[in-house]
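In my numbering, the protein residues as written are 746 to 1013. All C-beta atoms in this analysis are idealised placements derived from N, C-alpha and C, irrespective of residue type, glycine included. The structure displayed is predicted, hence computed values, not measured ones. Here the structure comes first, spelled out in C-alpha cells, and everything after it is commentary.
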Amino acid sequence: MALSFETRARCADGRAIRRVRFATRSALPINAACVVANGVREMLASLLGTTVTLRLIEPLIPTSEGWQVVLGDALIYRVAGSVADAALVFARSDAVALVGAAFGEAPAGASTSRTLSTVEHDVLDRMVDEIAVNLGPICGVAERHRARRIDRLEGFETFFELIVDNPVQARIGVAISRDPAIEARAMFSTSHLAAVGLRATAALPLESLTAAQILELKPGAFVRIRSADFSRCRLAIHGRALASGTCGARNGRFAFALRSLCEATPRA
C-alpha cells in the first residue's frame, strides 16, 4: 500500500486540501521495465527486419476483475525465473498480428481474431522464447529458460504492457508472480506532524429537544442551557472526539478544562 492523495480538492481557508488515501501500487522499478521494453523492441526489429516503435505502460497491480479482463481468451506463456516467475500474455488478435508481421503480412481486419494454425503457433512459440530472454531484469530469467504455454494463470501480482505501434499494432502483456518487496528506509513519527495546525471545536451537548421544538426554531429563539451541561463538554478535531471536560470562562475568555481523554484516542 502506498500513501496518495485524491485528485479532487476542496478549498478551506484559501488552501486546496486533498483527502489522504492508501492505494495499491506496484513496487517494480520503472527502469527495470524500460530495460525489458528496449530489449523486446530490439529483438522484434531484428526479427521483422524493420524499425519497431514500442511504448511501455507502467507496472500496476490489477484487481481480480482486472485480471479477468487481461487473461480472458488470451494465449499465455509462463517462464520460470530465479527471483520470480513471469508470464507473457497475448490477446489472440495481437498474436495473429505479430505472427503475420513475421511472415511479412499485414493484418486483415476481423481476421486478426482467428485461431492460429499449427505453423503459426510454432512461430509464436519461437518469438515468445526470444522475448523471454529479455525478462531477466524483472524476474531473473536466464537464456536457457524456455517459455511454456499454459491454459490458466493464477496467483500473479504485477502486470505491465508493451504496446507495439509500428510496423503492426499489438500488445504484449507481461505478468510477474510477485511484486518486489519494499525496503523500509525511514520511520514516520508524530514529531513530523508537530507543526501542523488543526482546528479544535468544543461542543456543549444540551438537553433533548422534541422534533416539534426543532421545527419551531428560528432566529432569536432561546434554547435553555442547564448548569450541568457545562460539565459534559467534548473537545473534537475534524469531528473526532479527543477529550471530555468542562466548558466555562477563565481570565475573561471562554475556556475548556480537560478532564479525560476519550478511549478511542491513541496516545503517542
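- A buried status is given to Glu902, since no fewer than 16 other beta-carbon atoms sit within 10 Å of its beta-carbon.
- Between the C-alpha atoms of Leu843 and Thr752 there is a straight-line separation of about 38 Å.
- The beta-carbon distance between Pro950 and Arg930, rounded to whole angstroms, is 46 Å. This is too long to meet the 8 Å contact definition.
- DSSP places Pro804 outside any alpha helix (DSSP H); the residue lies instead in the beta strand (DSSP E), whose first and last residues are 798 to 805.
- Judged by beta-carbon spacing, Pro804 lies beyond the 8 Å limit of Ala831, meaning their Cβ atoms are not closer than that value.
- Close CB contacts of Ser922 within its chain, under the 6 Å cut and outside five residues either way in sequence, are with Ala829, Asp830, Phe901 (chain order).
- Remark: C-beta atoms of Ile917 and Glu899 do not approach each other more closely than 8 Å.
- Under the three-pair Cβ rule at 8 Å, the region 815 to 829 does not count as touching the region 936 to 952.
- It is roughly 17 Å from the alpha-carbon of Pro964 to the alpha-carbon of Ala956.
- From the listed residues Glu961, Ile762, His983, Ile821, the smallest Cα separation to Asp870 is found for Ile821.
- Cβ contact annotation for Ala768 (same chain, cutoff 6 Å, sequence separation greater than five): Ala747, Ser749, in chain order.
- For the 8 Å CB-CB criterion, Asn879 and Gly784 form a contact.
- In the DSSP assignment, Arg871 falls within the alpha helix (DSSP H) that extends over 863 to 877.
- Boundaries around Arg837 are those of the alpha helix (DSSP H), 837 to 847, since no beta strand (DSSP E) includes it.
- The distance from the Cβ of Val780 to that of Pro882 is about 5 Å, consistent with a contact at the 8 Å cut-off.
- Proximity to Leu799 across Met788, Gly993, Ala825 peaks at Met788, based on C-alpha coordinates.
- For the pair Ser934 and Phe999, the Cα-to-Cα distance works out to about 33 Å.
- Around the C-beta of Cys1007, fewer than 16 other C-beta atoms lie within 10 Å, and the residue is accordingly described as exposed.
- Taking 4 residues as the minimum length, the alpha helix (DSSP H) runs contained wholly in the region 878 to 959 are 881 to 884, in order along the chain.
- Judged by their CB atoms, Val834 and Ala847 are not nearer to each other than the 8 Å cut-off.
- At a Cβ-Cβ threshold of 8 Å, Arg823 and Ile762 do not count as neighbours.
- The three-state reading of DSSP puts Arg969 in coil, since its state is none of H, G, I, E or B.
- Nearest to Gly990 by C-alpha distance, out of Ala947, Ile959, Val797, is Ala947.
- Collapsing the DSSP output to three states places Ala829 in coil.
- Arg786 sits in a helix when the DSSP states are folded into three classes.
- Here the alpha carbon of Asp974 sits roughly 56 Å from the alpha carbon of Pro925.
- Shortest Cα-Cα distance from Ile908 to any of Ala920, Gly849, Met932, Asp839 involves Asp839.
- It is roughly 43 Å from the alpha-carbon of Gly794 to the alpha-carbon of Glu928.
- It is roughly 17 Å from the alpha-carbon of Glu875 to the alpha-carbon of Thr796.
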